[in-house]
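Student: Going by full-length UniProt numbering, the letters in the sequence shown line up with residues 1 to 132, in that order.
Have a look at this one.
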Amino acid sequence: MAARVLQQCVRSLARPSLRLCTESRRTRWFGQSRISAGVFCRQYGDLPPLTFETIKERVMYVLKLYDKINPEKLQTSSHFMKDLGLDSLDQVEIIMAMEDEFGFEIPDAEAEKLMTPEEIVQYIADKKDVYE
């Protein structure tokens with residue numbers, strides 16, 4: 001019983017990464033026989049490589065979406081607390097948004113030092129080995 005439940009859970013988790021291949025030799029061959037044409041295949045892909053400019057655009061985009069930041073005042077050199085009037089909790093929320101956007105965790109000791117968009121861009125570029 002437990003094995004069946006586990007198997008159903010695994011199948012439900014694996015399904016989103018699989019898609020039905022409609023145009024392949026197998027499906028055309030299966031279509032001519034009595035066997036079902038439901039053949040699943042995985043699609044692999046990768047995002048384009050990061051550049052310094054794309055990191056900067058993504059950081060600025062995330063910051064512009066943050067409700068406590070006025071997009072008109074936002075510049076790459078804007079200090080979160082001095083120029084934009086944010087507090088330390090807002091800075092933590094910004095760092096968490098950057099972690100979600102770029103897919104890696106920023107240690108607390110490093111996060112405390114990131115006070116401008118420019119510093120965030122440089123930190124992410126260093127972590128992802130992106131240089132101008």
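For glycine and all other residues, C-beta sits at the position ideal for the given N, C-alpha and C.
The model shown is predicted, which means the values in this text are computed figures rather than measured ones.
Evaluate contact between the region 100 to 112 and the region 63 to 75, counting only Cβ atoms and requiring at least three cross-stretch pairs below 8 Å.
Tutor: Judged by Cβ distances under 8 Å, the region 100 to 112 makes no contact with the region 63 to 75, as fewer than three pairs qualify.
Student: Rounded to a whole number of angstroms, what is the C-alpha to C-alpha distance between F52 and K82?
Tutor: For F52 and K82, the distance between alpha carbons rounds to 25 Å.
Student: Under a three-way DSSP split, which group does K128 fall into?
Tutor: K128: coil per DSSP, three-state reduction.
Student: Evaluate contact between the region 85 to 100 and the region 110 to 119, counting only Cβ atoms and requiring at least three cross-stretch pairs below 8 Å.
Tutor: Yes: the two stretches touch, three or more of their Cβ pairs being nearer than 8 Å.
Student: V59 and V121: beta carbons closer than 8 Å?
Tutor: Contact flag set, yes.
Student: Using only the alpha-carbon positions, how far apart do K68 and E101 sit?
Tutor: Roughly 18 Å separates the two Cα atoms.
Student: Per DSSP, what kind of secondary structure is D90 in: helix, strand or coil?
Tutor: If DSSP states are grouped into helix, strand and coil, D90 belongs with the helices.
Student: Give the straight-line distance between the Cα atoms of P16 and G85, rounded to the nearest whole angstrom.
Tutor: Per-residue confidence for P16 stands at a pLDDT of 46, beneath the threshold of 50, marking its modelled position as unreliable; the derived number appears in the next sentence. Approximately 42 Å between the Cα atoms of the pair.
Student: Identify whether residue 182 lies in helix, strand or coil by the three-state DSSP scheme.
Tutor: Only positions 1 to 132 of the chain appear in this structure, which leaves residue 182 out of reach.
Student: Output the distance between the C-alpha atoms of C21 and D90, rounded to the nearest integer angstrom.
Tutor: The predicted model places C21 with a pLDDT of 47, which falls under 50 and marks its position as unreliable; any figure quoted below should be read in that light. Cα-Cα distance, rounded: 46 Å.
Student: Decide if F80 is buried, meaning its Cβ has at least 16 other Cβ atoms within 10 Å, or exposed.
Tutor: So F80 ends up on the buried side.
Student: Leaving out five residues before and five after E119 in sequence, what residues of the same chain have Cβ atoms less than 8 Å from its Cβ?
Tutor: K113, listed in sequence order.
Student: Taking only the alpha-carbon atoms, compute the straight-line gap between I124 and S88 and give it to the nearest angstrom.
Tutor: Their Cα atoms are separated by approximately 20 Å.
Student: Closer than 7 Å by C-beta to K64: which residues in its own chain qualify, once you throw out the five before and the five after it? Chain order, please.
Tutor: Contacts found: P71 and L74.
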